[in-house]
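Visitor: Following this message is one structure expressed as C-alpha cells.
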Amino acid sequence: MKSLFSSQDSSIRQASKNKAAQKATYRFLNNENVTEQELISACCERTEILSKGKNVLVLNDTTEINLQRHRGRIESGTGIGLVGNNTDIGFFAHLGLVVDIEAYQAIGYSSINLWSREIDKDTKEIRGYRKLAVEEKESYKWIKCCNDSTKVLQDAASITVVGDRESDLYELFTDAKKQSTHVLARNRINRKTSEGSKLHGILKNAALCGSYKIQVSGDKRKQRQPREALLEVKYSEVSIQKPSNKKDDRPQSVKVWIVEAREPNKQDGICWRLLTTHEVTTFEEAVQIVEWYQMRWFIEQVFRLLKNKGYQIENSELGTGWALRKLTLLLLQNVLRVMQMLLAYNSASEEEDAGLAFTTHEIECLTLLNIRNEGKTEKLKNPYRPNSLKWATWIVARVGGWSGYKSQRPPGPITLKNGLDKFNQIFIGWMMAKDVGTQ
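Just so we're aligned: 301 in the working numbering is position 62 of the sequence shown, and the numbers increase by one with no gaps anywhere.
Right, dumping it as C-alpha cells:
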C-alpha cells in the first residue's frame with residue numbers, strides 16, 4: 240500500500256506504478272474483509288506502545304470530507320451521507336492526535352471516528368434533539384474520543400484531552416474524572432455554579448494573577464499581520480452545576496478550574512476561557528493550561544495535510560464511500576509522518592530517533608540517499624546526528640526539493656510531504672532491487 244502515498248494527491252491511477260498495482264489497490268480498498276475498525280486498531284496499536292510512561296495531550300477535533308463534486312459518481316448507501324450544511328454529501332472524521340508534552344512531538348492517534356448524517360433524517364425539532372441523551376447526539380464524539388484514548392493510553396503517565404468550544408460538555412468532565420483522565424476545553428457556556436454566580440461572573444471578580452506576551456501568527460487569508468500580544472491571566476476554582484435538562488445519573492456538580500487569558504483594552508483581541516480538571520493554583524500553572532490549548536494547531540495542521548494542502552482526499556476518484564473512508568485512514572499515517580518530521584526539524588533537540596517515523600529498512604535506504612544528497616562543501620552536509628529524526632527529515636526535505644542550506648527557510652509541510660512521496664517510490668524500487676539481489 241506504500242504506493243498509495245507516493246503521488247501529489249490521492250489519485251490511485253497516478254500513485255500506482257502499473258495497472259497490476261492499480262488493480263491491487265482497488266481490490267484492497269473495496270475488500271469487505273478489510274474493515275475500518277481493523278485499520279483504526281492498527282493506527283492506535285503503535286500509539287499505545289509509544290505513549291508508555293509519558294505525559295500526553297490528546298488534541299481532538301472534527302473535519303469534514305466534502306464530496307459534493309462527486310455526487311453523481313459515488314454509489315449511494317456506501318458510507319456517505321450529508322455533511323455540515325446538511326445539503327452536500329461526504330463524511331466526517333473525528334481524530335484524537337496524541338502529543339508527548341515533554342518532547343513536543345506527535346506520537347500517533349488514540350481515537351479515529353468516521354461517520355455521516357443520514358440523508359432522509361428528520362429535523363432536530365422533530366427528533367426532540369435537545370432532550371436526547373448525549374450518547375444519542377453527534378456531540379458524543381468528544382466523549383467517545385476521551386473513552387477511546389483512556390483505553391489506548393492506559394500505560395501513559397498522564398492523559399489530558401484537549402478540545403475546542405464544542406467539547407464544553409458537562410458529561411465530558413464527569414466521565415473523564417471517573418477514568419482519572421484530565422480534560423481541557425474552551426468554555427462555550429456561561430454555566431451555573433455552586434458558588435451562586437455564573438462562570439463569567441466569577442471570572443470578572445477573580446484577581447489578576449499576572450501577564451505575559453505571546454507571538455500571534457499572521458493569516459494571509461484574513462489579511463492579518465503577525466504581531467505580539469499581551470495576555471492578562473486569571474483563574475478560579477469552581478463547581479459547575481448539572482444542567483437542568485440532564486436527567487441521567489451523573490453527579491449534580493463537578494469541580495473544575497477556569498482560566499482566562501485576555502488581551503486588555505482590545506475589543507476584538509484574544510480572549511480564551513478554558514475549563515480544566517487540572518488543579519490550577521499559580522500563575523505558572525495557568526499559563527501552562529493556555530499553552531496546552533494553543534497546541535491545537537497540531538490537529539489543524541493534520542487536517543490541512545489530509546485535504547487541500549496535502550493529500551487532497553476530497554479529489555479522490557474512488558467510486559464508493561467505504562473505499563474513500565479506508566483511503567482516509569491509510570493517508571492519515573503518512574500525514575502523521577509529515578507532522579513528526581516537521582516538529583523534529585523545528586526542535587532544538589536531536590534526541591528523537593528516526594525510528595519514531597521510519598522502519599529499519601527505510602532508515603537503511605535513507606542512509607544511502609543521504610550520501611547522494613549531500614554536497615561537496617560543509618554547508619551542504621547533513622549536520623544532524625545520524626539516525627535521528629532530524630537527520631532523516633533533512634534527507635526527505637532534500638528529496639522534496641529543499642536547498643539544504645541553513646541560511647534558507649526550513650522545509651515546510653508541503654516540501655516534506657512531496658519529499659516523502661518521492662522517498663516512498665524510491666524505497667519501493669530499492670526494496671525490489673534488494674530482493675532480486677538476494678535471490
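We put the CB at the ideal spot given by N, CA and C, even for glycine.
1. Isoleucine 610 to arginine 543, Cα distance in whole Å?
2. Relative to the C-alpha of alanine 434, which candidate in Arg564, Gly311 and Lys494 has its C-alpha closest?
3. Under 8 Å, with one C-beta from each stretch per pair, do the region 295-311 and the region 524-538 reach the 3-pair mark?
4. My parser needs the alpha helix (DSSP H) runs of 4 or more residues fully inside the region 345-384; what are they?
5. Report the option in Ile288, Ser388, Asn294 and Ile328 whose CA atom is closest to the CA atom of leucine 336.
6. Rounded to the nearest angstrom, what separates arginine 624 and phenylalanine 597 at their Cα positions?
7. Just to confirm the assignment, what range does the beta strand (DSSP E) spanning lysine 494 have?
8. Would you report the Cα separation of valine 519 and asparagine 484, rounded to the nearest angstrom?
9. Let me make sure I understand the geometry here. Which of Ile602, Trp630 and Tyr550 has the alpha-carbon closest to that of glutamate 613?
10. Classify serine 246 as helix, strand or coil using the three-state DSSP reduction.
11. Would you decide whether glycine 668 is buried or exposed? Buried here means 16 or more other CB atoms lie within 10 Å of its CB.
12. If we call anything under 9 Å between Cβ atoms a contact, is leucine 334 one with cysteine 384?
13. For arginine 312, does the count of other Cβ atoms within 10 angstroms reach 16, so buried, or fall short, so exposed?
14. Take the Cβ of proline 650 as the centre, count every other Cβ of all protein chains shown within 10 Å, and call the residue buried at 16 or more, exposed below.
15. Report the three-state DSSP secondary structure of asparagine 444 (helix, strand or coil).
16. Please report how far the alpha carbon of threonine 599 lies from the alpha carbon of serine 588, in whole angstroms.
17. Does the Cβ-Cβ distance between alanine 445 and leucine 470 come in under 9 Å?
18. Find out if the Cβ-Cβ distance for the pair serine 406, valine 295 is shorter than 9 Å.
19. Check for me: the beta strand (DSSP E) holding tyrosine 623 runs from which residue to which?
20. Along the chain, where does the alpha helix (DSSP H) containing lysine 452 start, and where does it finish?
21. Using alpha carbons as the reference points, say which of Leu321, Ser378 and Leu392 lies closest to serine 350.
22. Within a Cβ cutoff of 6 Å, which residues of the same chain sit near glutamate 287, ignoring the five residues on either side of it in sequence?
23. Go ahead and pull the three-state DSSP assignment for tyrosine 550.
24. Report the CB separation of serine 355 from isoleucine 319 in whole angstroms; it is logged as a contact under 8 Å.
25. Closer than 8 Å is the cut-off here; do at least three beta carbon pairs connect the region 372-386 with the region 436-451?
26. Strictly by DSSP, which residues pair up with tyrosine 474?
27. Looking only at its chain, what residues have a beta carbon closer than 8 Å to the beta carbon of aspartate 403, apart from the 5 residues adjacent to it on each side?
28. Taking tyrosine 644 as the reference, give the member of Lys620, Phe662 and Asn626 with the closest Cα.
29. Give the single residue among Tyr584, His421, Glu524 and Cys604 whose Cα lies nearest to the Cα of proline 622.
30. Can you give the Cα-Cα distance for isoleucine 665 and glutamate 601, rounded to whole angstroms?
31. Based on the DSSP secondary-structure assignment, which residues constitute the bridge partners of cysteine 510?
32. If you measure between the beta carbons of valine 498 and threonine 515, is that distance less than 9 Å?
33. In the DSSP assignment, find the alpha helix (DSSP H) that holds threonine 302 and state where it starts and stops.
34. To which residues does DSSP link leucine 334 through a beta bridge?
35. Thinking just about the alpha-carbon of each residue, which of Arg637, Gly560 and Asp674 is nearest to the one in lysine 661?
36. Tell me the rounded alpha-carbon separation between glycine 640 and threonine 654.
Guide: Here's the rundown:
1. Along the sequence shown, read from residue 1 onward, the residue named residue 610 stands at position 371. Along the sequence shown, read from residue 1 onward, the residue named residue 543 stands at position 304. The straight-line gap from Cα to Cα measures roughly 32 Å.
2. Against the sequence shown, residue 434 aligns to sequence position 195. Checking the displayed sequence, the identity of residue 434 turns out to be glutamate instead of alanine. Comparing Cα positions, the closest option is Lys494.
3. yes
4. 363-366, all fully within the region 345-384.
5. The count along the sequence shown starts at 1 and reaches residue 336 at position 97. Of the candidates Ile288, Ser388, Asn294 and Ile328, the one whose C-alpha sits nearest the C-alpha of leucine 336 is Ser388.
6. Within the sequence shown, numbered from 1, the residue matching residue 624 stands at position 385. Within the sequence shown, numbered from 1, the residue matching residue 597 stands at position 358. Going by the C-alpha atoms only, they are around 16 Å apart.
7. Taking the first residue of the sequence shown as position 1, residue 494 is located at position 255. Its beta strand (DSSP E) spans residues 492-501.
8. Taking the sequence shown and counting its residues from 1, one reaches residue 519 at position 280. Taking the sequence shown and counting its residues from 1, one reaches residue 484 at position 245. Valine 519 and asparagine 484: Cα-Cα distance of roughly 29 Å.
9. By one-based count along the sequence shown, residue 613 stands at place 374. Among Ile602, Trp630 and Tyr550, the Cα nearest to that of glutamate 613 is on Trp630.
10. In the sequence shown, residue 246 corresponds to position 7, counting from 1. Here serine 246 scores only 47 on pLDDT, less than 50, and its place in the model is too uncertain to base an answer on.
11. Residue mapping note: residue 668 aligns to position 429 of the sequence shown, counting from 1. By the 10 Å Cβ count, glycine 668 comes out exposed.
12. Locating residue 334 in the sequence shown gives position 95, counting from the first residue. Locating residue 384 in the sequence shown gives position 145, counting from the first residue. Yes.
13. In the sequence shown, the residue the question calls residue 312 occupies position 73. The residue in question, arginine 312, is exposed, as its Cβ has fewer than 16 Cβ neighbours within 10 Å.
14. To locate residue 650, count along the sequence shown from 1; it is residue 411. Buried, since its Cβ has 16 or more Cβ neighbours within 10 Å.
15. Along the sequence shown, read from residue 1 onward, the residue named residue 444 stands at position 205. Helix, per DSSP.
16. Numbered from its first residue, the sequence shown carries residue 599 at position 360. Numbered from its first residue, the sequence shown carries residue 588 at position 349. Looking at the two C-alpha atoms, the distance is approximately 22 Å.
17. Residue mapping note: residue 445 aligns to position 206 of the sequence shown, counting from 1. Residue mapping note: residue 470 aligns to position 231 of the sequence shown, counting from 1. No, Cβ-Cβ distance for alanine 445 and leucine 470 is not below 9 Å.
18. What you label residue 406 is simply residue 167 of the sequence shown in a count that begins at 1. What you label residue 295 is simply residue 56 of the sequence shown in a count that begins at 1. Going by C-beta atoms, serine 406 is not nearer than 9 Å to valine 295.
19. For the purposes of this step, residue 623 is taken as the residue at position 384 of the sequence shown. Looking at the DSSP string, tyrosine 623 is not in any beta strand (DSSP E), and its letter there is neither H nor E.
20. Your numbering for residue 452 matches position 213 in the sequence shown. First-last for lysine 452: 449-455, but that is the beta strand (DSSP E), not the alpha helix (DSSP H).
21. Your numbering for residue 350 matches position 111 in the sequence shown. Nearest C-alpha to serine 350: Leu392.
22. Locating residue 287 in the sequence shown gives position 48, counting from the first residue. Answer for glutamate 287: Val391, listed in chain order.
23. To locate residue 550, count along the sequence shown from 1; it is residue 311. Coil.
24. Your numbering for residue 355 matches position 116 in the sequence shown. Your numbering for residue 319 matches position 80 in the sequence shown. Yes, serine 355 and isoleucine 319 are in contact; Cβ-Cβ is about 6 Å, under 8 Å.
25. Taking a cut-off of 8 Å on C-beta distances, the region 372-386 does not touch the region 436-451, as fewer than three cross pairs fall below it.
26. Against the sequence shown, residue 474 aligns to sequence position 235. For tyrosine 474, which the question treats as bridged, DSSP gives the partners Val498.
27. By 1-based counting over the sequence shown, the position of residue 403 is 164. If we look at aspartate 403 and ignore the five residues flanking it on each side, its Cβ neighbours are Asp300, Ala424, Arg425 and Arg535.
28. What you label residue 644 is simply residue 405 of the sequence shown in a count that begins at 1. That would be Lys620, whose Cα lies nearest to the Cα of tyrosine 644.
29. If you number the sequence shown from 1, residue 622 lands on position 383. The option with the nearest alpha carbon to proline 622 is Tyr584.
30. If you number the sequence shown from 1, residue 665 lands on position 426. If you number the sequence shown from 1, residue 601 lands on position 362. Each residue's Cα considered, the two are about 10 Å apart.
31. Working through the sequence shown from its first residue, we reach residue 510 at position 271. BP columns for cysteine 510 point to Arg501.
32. Residue 498 sits at position 259 when you count from the first residue of the sequence shown. Residue 515 sits at position 276 when you count from the first residue of the sequence shown. Contact flag set, yes.
33. Translated into positions along the sequence shown, residue 302 becomes position 63. Run containing threonine 302: none in the alpha helix (DSSP H); it sits in the beta strand (DSSP E), 294-305.
34. Translated into positions along the sequence shown, residue 334 becomes position 95. BP columns for leucine 334 point to Asp300 and Ile351.
35. On the sequence shown, residue 661 is found 422 positions in, with the first residue counted as 1. Out of Arg637, Gly560 and Asp674, Arg637 has the C-alpha closest to the C-alpha of lysine 661.
36. Within the sequence shown, numbered from 1, the residue matching residue 640 stands at position 401. Within the sequence shown, numbered from 1, the residue matching residue 654 stands at position 415. For glycine 640 and threonine 654, the distance between alpha carbons rounds to 7 Å.
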